[in-house]
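Asker: Attaching a single structure in structure tokens format; questions to follow.
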Amino acid sequence: MTRANFLNQQAAAEPATAPVRAWRWRRGILAATLSAAVVGVPTDVIDTLWFTRMTPVRWWEYPVLTLTAVLTGLWFAIVREAIDERGRSGVLGSSLLSAFAVGCPLCNKIVLGMLGVSGALGVWAPIQPALAGMSVAALGAAVLVRWRRRACTPAGCTADARVLQQPHQ
Numbered sequence: 001m002t003r004a005n006f007l008n009q010q011a012a013a014e015p016a017t018a019p020v021r022a023w024r025w026r027r028g029i030l031a032a033t034l035s036a037a038v039v040g041v042p043t044d045v046i047d048t049l050w051f052t053r054m055t056p057v058r059w060w061e062y063p064v065l066t067l068t069a070v071l072t073g074l075w076f077a078i079v080r081e082a083i084d085e086r087g088r089s090g091v092l093g094s095s096l097l098s099a100f101a102v103g104c105p106l107c108n109k110i111v112l113g114m115l116g117v118s119g120a121l122g123v124w125a126p127i128q129p130a131l132a133g134m135s136v137a138a139l140g141a142a143v144l145v146r147w148r149r150r151a152c153t154p155a156g157c158t159a160d161a162r163v164l165q166q167p168h169q
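If you use the UniProt record's numbering, the sequence shown corresponds to residues 1 to 169, in order.
Here it is, written out as structure tokens:
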């Protein structure tokens with residue numbers, strides 16, 4: 001198959017794949033929204049009447065929450081083979097780590113029980129930015145790995161897969 005024939009086939013398949021691509025991005029937006037809500041509401045970074053924070057929200061918690069939501073949404077938006085769902089627990093674990101990172105140190109019952117009030121503020125609070133960095137780095141790595149391992153789907157192929165499918169001249 002020549003490059004021109006391959007590109008013509010891709011162009012002809014384009015209208016049929018538009019709903020699949022739209023669903024992929026809707027799935028990513030839904031995952032990002034759920035991630036922001038699941039991390040932001042209980043930690044009271046997203047202010048609601050349901051939870052009250054005992055310490056003010058720190059400046060870096062907003063970007064961490066935003067990056068967590070965006071990277072989680074991107075991970076879910078990248079189409080993989082249906083049988084390959086590796087990494088899902090890592091993404092969920094990284095999102096949970098970001099919840100511990102942006103949460104109020106005095107509101108975390110586990111930390112409060114283990115370290116007490118002075119330990120929560122003196123030991124746990126200074127560690128939280130490092131936890132946030134690890135969480136965002138792990139989510140970024142998961143998105144990168146998923147992007148590199150994506151496969152051809154009915155919605156289209158990656159640029160690398162197109163090169164691999166072309167006959168060598």
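The beta carbon of each residue, even a glycine, is placed where N, CA and C say it ideally should be.
Do V57 and residue 179 have their beta-carbon atoms positioned less than 7 Å apart in this structure?
Answerer: Past the edges of the chain, shown from 1 to 169, lies residue 179, and the structure says nothing about it.
Asker: My understanding is that L144 touches V102, with C-beta atoms under 8 Å, so please give their C-beta distance in whole angstroms.
Answerer: That pair is no contact at about 23 Å.
Asker: With distance defined between alpha-carbon atoms, name the residue in F76, T68, R53 nearest to L131.
Answerer: Checking every option, the nearest Cα to that of L131 belongs to T68.
Asker: For M134, does the three-state DSSP call read helix, strand or coil?
Answerer: Note: M134 maps to helix in three-state DSSP.
Asker: Starting from the C-beta of V123, find all residues in its chain whose C-beta is less than 8 Å away, skip the five residues before and the five after it, and write them out in chain order.
Answerer: For V123, where only same-chain residues beyond five positions count, the Cβ hits under 8 Å are L115.
Asker: Is it right to say A37 is buried, meaning 16 or more other beta carbons lie within 10 angstroms of its own, or is it exposed?
Answerer: Per the 10 Å Cβ criterion, exposed.
Asker: Take A138 and list the residues in its own chain whose beta-carbon comes closer than 6 Å to its own, dropping the five residues that flank it on each side.
Answerer: Result list for A138: S94, in chain order.
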